[in-house]
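Worksheet: one structure, shown below.
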Amino acid sequence: MSILSKDYKNTLNLPQTDFPMKANLSQREPEILKFWEERKIYDRIQEKNQGKTPYILHDGPPYANERIHIGHALNKILKDIIVKYKSMKGFYSPFVPGWDCHGLPIEHQVDKKLELEGIKDKVDILEKRKHCKDYAETFVDIQKHDFWRLGVFGDWKIPYLTMSSRYVAYIVREFTHFVKEGYVYRKRKPVHWCPSCVTALAEAEVEYADKESPSIYVKFRVESIPEGKEILFDEFPRIEHYFVAWTTTPWTLVANLALCLHPAYSYHLVKVNIGQGRYEIYIIVGKLLDVCMKEFGFKSCRDKDVPDVGEYQVIATWGGEILEGIMCKHPFIDRKSKVILGDFVTVGEGTGIVHIAPGHGEDDYEIGLKYGLDIYAPVDDRGRFTKEAGELEGQFVFKANAKIIEILKNKNSLIKEERFIHSYPHCWRCKKPVIFRATEQWFISIEHNGLRKRCLEEIDRVNWIPRWGRDRIYGMVLNRPDWCISRQRAWGVPITLIKCDSCSGFIKEEEVFEGIIKSFEEKDADIWFIKSVDEFLPSGYKCKKCGGNSFSKEMDILDVWFDSGISHAAVIGIDKRLNWPADIYLEGSDQHRGWFQSSLLTAVGTKGKAPYKTVLTHGFVVDGQGKKMSKSLGNVVAPQEVIKSDGAEILRLWVSAKDYRDDIRISKEILERLTEAYRKIRNTCRFLLGNLYDFDYRDYSYALLEIDSKIDRWAMSRLQTLIETVTSAYENFNFHEVFHALYNFCVVDMSSFYLDVLKDRLYTFKPGSMERRVTQWVLYQILSTMTRLMAPVLSFTAEEVWQNIKQRAKSKEQREEDIEDSVFLASFPEVDEKYYDQELEKKWDDLFVLRSEVNKALEIKRAEKFLGNSLEAKVILYPPERYNALLSEYRDFLPAFFIVSAVEITDQSPDASYKSREIEGFEVKVEKASGAKCQRCWNWSESVGRFKEAPEICERCYEVISG
RNA sequence: GGGCCUAUAGCUCAGUUGGUUAGAGCGCACCCCUGAUAAGGGUGAGGUGAUUGGUUCGACUCCAAUUAGGCCCA
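The structure is reproduced here in structure tokens:
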């Protein structure tokens, strides 16, 4: 007989662990990052899966300026979750991150810097490119660190950069392909042009913002009417007839070549009395007559034969179609303006008569081509009128508006002038209003070789998630114009074409192209600006067409969307480890127009196939109210801040908890909730670890059935359900289901039930008893499984737990070789059918309803101060008959199940019992448990006091201690 | 202005092909425990399903419009 201590606490097996409750993530994470780094975990994952089925997620390159924002974090974490999951599933899934390095924003920053230093005009293009390169490199490093800090695994040492020599050589190679196949052409076309940045802008580079512009109504005097149509204008030429056009860009009138009417609308001839016995006739679309006349200050003359001064009278109405071909006089230039027809004319505002300047508008251009009009644009690249514009030469177009209005007034061509605020295109960088201006540009034809049609067909072969992504990109590709690929800037990949100075033809010889590509590979794109044109040509080269021997290099650069668009070729296309096409692209939904599309166009153009099998899009990060983040609203959440205060893990949890298909909200409250959820998961792991402190890490699976521990079998079954749910969630990219399943498992199944019930067994049983060991084995299964299930999301914590398990197991000198060095080297859990027991779980659903009712009965007694701890209670159940079998099967387990000291079942309805509402006929009576409280296990028992050596403990405890 | 999308408790999410009183967890309130303790347990109160119409015997679920928000484009 041992000497019994009064301090029974020492005889208990209470949990022990050095796994801290407080995560201190912002400090612990860097240690874990260091661990991954030092142990080369990412590389070892790749080694381990080498030769297995590949699963390639191709990274869309973020732009290398600024620090990463929350959207970047969202995107990379989502990618990381997929890559880690696939890797643990045994797929070969290396992740090669990339950066988009060229383009205007960086050049802009460099320009600003050079301007500050006062040397902007002194640096040549090579020097400027050097500055740009340095700038990009700086931010690649910064962003790389930011991404790495999020716990994202990847080839951070060998990312792809669109400015690397190898990459630019591929850009040229792919571009050359388009040239050789005849896609590339050059033409004058109005493009968005920023006069401040002196460049053409892609559609993606244009932002719409409110701008105040003049709004003017201009008269175009009818000069001649086509033969046979004279009858339309009875009064002509006794009274002057005017087509009235409305515009908010007076300066484009300088390039006016036509007036456009809608063929199907009717137009009124309106006779107005302008005083002193003079009349004029205005032509205006019928639907806007009232509005316009009010604007102009004329009143209807009603039934009078002739309008008085300030009055108007409709004298005829004609369909737009019939007015085609009438010639007007330009209001202030000696030129004619032809009346033409177009469907794009609307009657939303204006006069239903659109002034057409084919060199300064998209619709104008299209209709101009149709009517064979000149694509006329007398404006230079800084937005100043050229000498073609006569007296306006040298004036900045927006400033010239006032002067033009003045001229119109003097020429009696202006009916009305006012200010007008409307949505107007602005440059995305300098935020200044842009103009439409016809310039020589390079294009990739979207119709050539049926490119559009082939792209549309490919779109239907891709798996778009969410499904509406298909409709979105389909509509965009269906309607998009040819791809303008030229930019008049310095920081980019040059359009490597060489022009013959005498015949203006471009050299398209394989030999020349290959030479250029080779020199790009050796140096980088700078070589185009370093070498003279002759150095790219064989010595003594003569133009094949005209025999000329003087050549010049094209100095435009390529649209950056072309750079990133060919990443499939430059990255996954050449890396032997990777597969083409990629299994998945994953970006924000804005990339339907951007990268998804440029990638599709280039891939279909050069390889005839989409570069991706699946395209997953996520929404945008918005604030707690669902509003977009902006500096002006002050609702921006910076990932660096969250990492600092809460840890990257919380950010990762946030990404996984939200359904990313929609907009993703982030707010202080959301982060607080997630931090709490994190703590719960962490504590559940900690408790599991604590109770494994003395586990021997032997396999007790055989004993699970042997000792028929139903609650452990239930737990194992629940665990299989969890594996199934989580796996299917990962497979379907429903990461928020991963979070919810894991979290609910921790809270509902584990913390509030299984672990709570288990405490008695874990703490009070003999350490080495079979019951306790089996339970510990189950706890170990649960912990190990949960850790692996959460690893793709909660990477830091999973690793921390894993290392803790490993350490413990090692100290037991058992199974050491079975526990991998990192959780990411372990395999993803698989459902083990042997533990899957649906029938058992169903039975337990019934038991849980009973338990919930017992709890209600206990709670009532607690409120009455009849009891505190539920172990003080004995419950008497009066169940409906259908529960009899179940209750008798589980008879011995019931006290533990309810965490009370005794359970009695009666067939007599007890007095003063709690009557269940959930289960009709079920009654629960709560009484004080008989006997006394055992000072060791805290259960109440009549056996307490029976043992002289230890009068304060119960029989069960006595046996444990004395045996 | 056009295209695509979203709208369920304070928060994050479930709700099978339209069919009883719309579920879960968190948070909140109250209580218990003090052997997971800057933890743990219990009970409870929270929803005119954005609004309005329509289809239907019946709508959170289908349709339309409106409102709010997001992305893309003009």
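In this text, residue positions in the first sequence follow the working numbering: the first is 90, and each later residue adds one.
Backbone N, C-alpha and C define an ideal beta-carbon position, used for all residues, glycine too.
- For Phe509, same chain residues with a beta-carbon under 8 Å away, outside a window of 5 residues either side, are Glu301, Ser302, Pro303, Ser304, Thr337 in chain order.
- Arg255 places its beta carbon 9 Å or farther from that of Glu603.
- As the crow flies, the alpha-carbon of Val566 is around 30 Å from that of Glu438.
- In terms of CA proximity to Asp452, Ala347 leads the group Trp617, Pro627, His511, Ala347.
- Residue pairing for Phe640: DSSP places it in a beta bridge opposite Cys589.
- Cα atoms of Lys954 and Leu742: separation of roughly 41 Å, rounded to the nearest angstrom.
- Along the length of the region 189 to 234, whole alpha helix (DSSP H) runs at least 4 residues long occupy 193 to 205, reported in chain order.
- Here the alpha carbon of Pro570 sits roughly 7 Å from the alpha carbon of Ile535.
- Measuring C-alpha to C-alpha distances from Lys698 to each of Thr706, Leu705, Ser687 identifies Ser687 as the nearest.
- If only uninterrupted beta strand (DSSP E) runs of at least 3 residues are considered, none is enclosed by the region 837 to 878.
- Assigned with DSSP and collapsed to three states, Arg787 falls in coil, not helix or strand.
- Residue burial is scored here from C-beta neighbours: Arg802 has at least 16 other C-beta atoms within 10 angstroms and is therefore classed as buried.
- By the C-beta criterion, the region 858 to 874 is judged to be in contact with the region 775 to 790, since at least 3 inter-stretch pairs fall below 8 Å.
- In this structure, the alpha-carbon of Phe784 lies about 8 Å from that of Trp866.
- The beta carbon of Lys720 is closer than 8 Å to none in its chain, skipping five residues each way along the sequence.
- His191 and Cys221 have their alpha carbons spaced roughly 8 Å apart.
- By alpha-carbon distance to Arg156, the top candidate from Leu205, Pro728, Gly386 is Pro728.
- Assigned with DSSP and collapsed to three states, Leu348 falls in strand.
- Within the same chain, Cβ atoms closer than 8 Å to the Cβ of Lys520 are found at Glu296, Ala298, the five residues on either side in sequence being excluded.
- At the C-beta level, Asn538 and Tyr272 come within 9 Å of one another.
- When the beta-carbon positions are compared, Ile732 and Ser115 come within less than 9 Å of each other.
- Excluding five sequence positions before and after Ile812, the CB atoms of its chain that fall closer than 8 Å to its own CB belong to Thr874, Leu878, Pro918, Glu919, Val920, given in chain order.
- Counting C-beta atoms within 10 angstroms of its own C-beta, His234 has fewer than 16 neighbours from the protein chains shown and is therefore classed as exposed.
- Between the C-alpha atoms of Lys620 and Leu215 there is a straight-line separation of about 11 Å.
- Listed in chain order, the beta strand (DSSP E) runs fully inside the region 909 to 990 are 962 to 967, counting runs of at least 3 residues.
- Between the alpha carbons of Arg277 and Phe525 lies a distance of about 12 Å.
- Going by C-alpha positions, Ala952 is about 15 Å away from Ala1001.
- Ranking Lys542, Glu761, Val307 by CA distance to the CA of Glu495 puts Val307 first.
- According to the DSSP assignment, Cys283 belongs to the beta strand (DSSP E) that extends over 273 to 283.
- Within its own chain, the residues whose Cβ lies closer than 7 Å to the Cβ of Lys597, once the five positions on either side in sequence are excluded, are Val268, Lys269, listed in chain order.
- Put simply, the backbone Cα of Asp748 is about 42 Å away from that of Leu960.
- Note on geometry: alpha-carbon atoms of Ala466 and Lys631 lie some 35 Å from one another.
- As a beta-bridge residue in DSSP terms, Arg367 pairs with Gly364.
- Counting every other CB atom within 10 Å of its CB across the protein chains shown gives Glu761 a total below 16, marking it as exposed.
- When DSSP states are grouped into helix, strand and coil, Phe1011 belongs to the coil group.
- Distance from the Cα of Val374 is smallest, within the candidate group Val395, Ala405, Glu400, for Ala405.
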